[in-house]
Amino acid sequence: MSAPEFRPEPVRQPDDWSPTSWQSRTALQQPGYRDQAALEAAKAELATLPPLVTSWEIFELKRQLAEAQEGKRFLLQGGDCAESFADCESGLISNRLKVLLQMSVVLVHGLRLPVVRVGRFAGQYAKPRSADTETRDGVTLPCYRGDLVNAPSFTAEAREPDPRRMIKGHARSALTMNFVRALIEGGFADLHHPEYWDLDWMRHSPRAADYQYMISAIGDGVRFMETLSGTSIHNLNRVDFFTSHEALLLPYEECLTRQVPRQWGWFNLSTHFPWIGLRTAAIDGAHVEYMRGLRNPIAVKVGPSVTPDQLIELIDRLDPDNEPGRLTLIHRMGRANIEKGLPPLLEVVKREGRRVLWVADPMHGNTESTNAGVKTRRFENILGELELGFDLHAAAGTRLGGVHLELTGENVTECLGGARDLTETDLARAYRSTVDPRLNYEQSLELAMLIVRKRGVLPAAL
Ligand code: PEP
Ligand code: CO
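Residue numbering for the sequence shown follows our numbering, starting at 460 and increasing by one per position.
Here you go:
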């Protein structure tokens, strides 16, 4: 399969950049590898291993993101906070893909827009942490930085950063990609039909009638289209699902940064859509330096402490050509901060005529701890931040073009609330995340329906 190159404007390779130029900058959130020879050996091996994605898929995503910037598409980006090597397992992967595809069907029908589907998977193995070490009962060890770096159990051996884990992470990402590509290629077609979905949870919601109406409208729409075309709707092809991860562990990203025949410049071929996390978005830091030279579409998380001037400086550094599809800004302010934090940023980006895709991450600003010390998030705060995001964009004359979510296809109990109104007692039942709390299958589908209720063209209620 080939796609024509998407090159809407002349852009060029910065001549003061290389895949290793980040090394002269301060790199935050990197592990202290003790054995430099082992690190170099792992890097050398990684640099010879095949890439996980192709340049033409990357260009296709950039084209779709450029359309999203113009309001012609909506981005759905979601998956685990942190993938783990142990979770590279067929049931977990297919359930996660299933919930993302089902959410995208709800969004396509409700928003009347094609959806850009991007998974937070096949490489989401490195995590930023608030402290370098962790102390338990007087013992201090390096913190867990994700399976790409070390292991979560609290022993000196598990916590020692091991560069060979990068090789294993690459292999697990490839296994995940391979399975996702096969599932998509093979159909998953009945996912278009809500009558086959697990919708039992809807009965528990005060909005049950509303949801029921929405689901039958989607079912009618699918059947109508199939009658018209005389075939079943099966328009998912292999470039229709993209991958993303936080480009955090720079030795890993560097080794997967490649040139390809007949194209200028450099591509990160470990993922279609790398992003810079909040903690590593310093303008003069190594992560911004590394990302500015890639031809991939890139994203950066934006939190409540960023000033309008800093944001424009960051945009200038990452997207000096104002290139369509190049830059996505993911705001993650928190329900309590978004009304104050977001409008000045929307205003300055609009005033300066910068072409970006605005996306809401309503998860990371809403993390809290229960009295029992369990990390959780409230569904009402997640939804509340999202709804305010839509309203604030509308008021500013800008457009919220997508959502970025932490979710799983399993019925875990990590976030409070939702149709079944999960309580603090429920959290103990099925809490599996090693890092951040995720929306479960039902909460994810409900959130998609509530987005449609807020923004969609389907009637909100009977
Ligand atoms: C994340 O996306 O898991 C994350 C750590 O987010 P942020 O950088 O916005 O805190
Ligand atoms: Co997270």
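Glycine included, C-beta positions come from ideal geometry on N, C-alpha and C.
Any non-hydrogen atom of the ligand PEP within 7 Å of residue i CB
i    : result
H823 : yes
G736 : yes
R791 : yes
D895 : yes
P601 : no
D659 : no
K760 : yes
D820 : yes
E705 : yes
P710 : no
F587 : It should be noted that the sequence gives Pro, not Phe, for residue 587. Yes.
Cα-Cα separation between residue i and residue j, rounded to whole angstroms
i    : j    : result
H863 : M625 : 25 Å
T594 : M822 : 27 Å
I910 : L566 : 8 Å
L770 : L600 : 36 Å
S480 : Q472 : 13 Å
F838 : L847 : 14 Å
M673 : L687 : 21 Å
S632 : R662 : 37 Å
L851 : T766 : 17 Å
C602 : L842 : 31 Å
R836 : G876 : 9 Å
D679 : A581 : 34 Å
L737 : K586 : 11 Å
R588 : R604 : 7 Å
H568 : P720 : 39 Å
T702 : V558 : 15 Å
T882 : E772 : 43 Å
K627 : A506 : 14 Å
E685 : Q671 : 21 Å
G645 : F638 : 10 Å
V598 : T592 : 10 Å
E811 : A527 : 19 Å
G752 : P653 : 43 Å
A497 : Q489 : 16 Å
V470 : W476 : 14 Å
D606 : A668 : 43 Å
S849 : L804 : Note that residue 849 is Phe in the sequence shown, not Ser. If I take the Cα positions, the gap works out to 14 Å.
Contacting residues, own chain, Cβ-Cβ under 8 Å from residue i (five flanking each side not counted)
i    : result
P756 : I517, L520, K521, L524, H731, F732, G784, R785, L786, T787
A741 : T485, L487, V747
N554 : T867, G868, E869, Y900
T614 : L600
D743 : R484, T485
K531 : L572, P573
R697 : Caution is warranted here: a pLDDT of 43 is assigned to R697, below 50, making its placement in the model unreliable, and the coordinate value is therefore given only provisionally. Excluding sequence neighbours, R697 sits near M460, R640, I643, E644.
C-beta neighbour in chain D for residue i, strict 8 Å
i    : result
T592 : Protein chains in the displayed structure number just one, and chain D is not present.
The ligand CO heavy atom lying under 7 Å from the CB of residue i
i    : result
C540 : yes
E865 : yes
Nonlocal neighbours in the same chain, by C-beta distance under 7 Å from residue i, ignoring five residues either side
i    : result
L695 : Below a pLDDT of 50, predicted positions are generally treated as unreliable, and L695, at 42, falls in that range; no measurement from the model is reported.
C923 : Absent from the structure is residue 923, since the part of the chain shown begins at 460 and ends at 921.
Q722 : S514
R879 : W660, H663, E901
Q718 : W725
P802 : L851, A855
Neighbourhood of residue i by C-beta distance below 6 Å, restricted to the same chain and skipping five residues each side
i    : result
P763 : M792, N796, G800
E901 : W660
D895 : C540, E865
H704 : G582, Q583, T730
V512 : L728, H731
Residue i and residue j closer than 8 Å at C-beta
i    : j    : result
Y749 : L709 : yes
N830 : R794 : no
P478 : E713 : yes
T485 : A745 : yes
P620 : N609 : yes
T857 : K913 : no
L535 : G861 : yes
I774 : V818 : no
E905 : S892 : no
L707 : S729 : no
E542 : Q495 : no
R814 : N840 : no
G915 : L570 : yes
Near the ligand NAP: residue i beta-carbon under 7 Å from a heavy atom
i    : result
G876 : The model depicted lacks the ligand NAP and carries the ligand PEP and the ligand CO instead.
message: Contact between the segment 575-593 and the segment 555-564 is defined here as three or more beta-carbon pairs at a separation below 8 Å; is this criterion met?
response: yes
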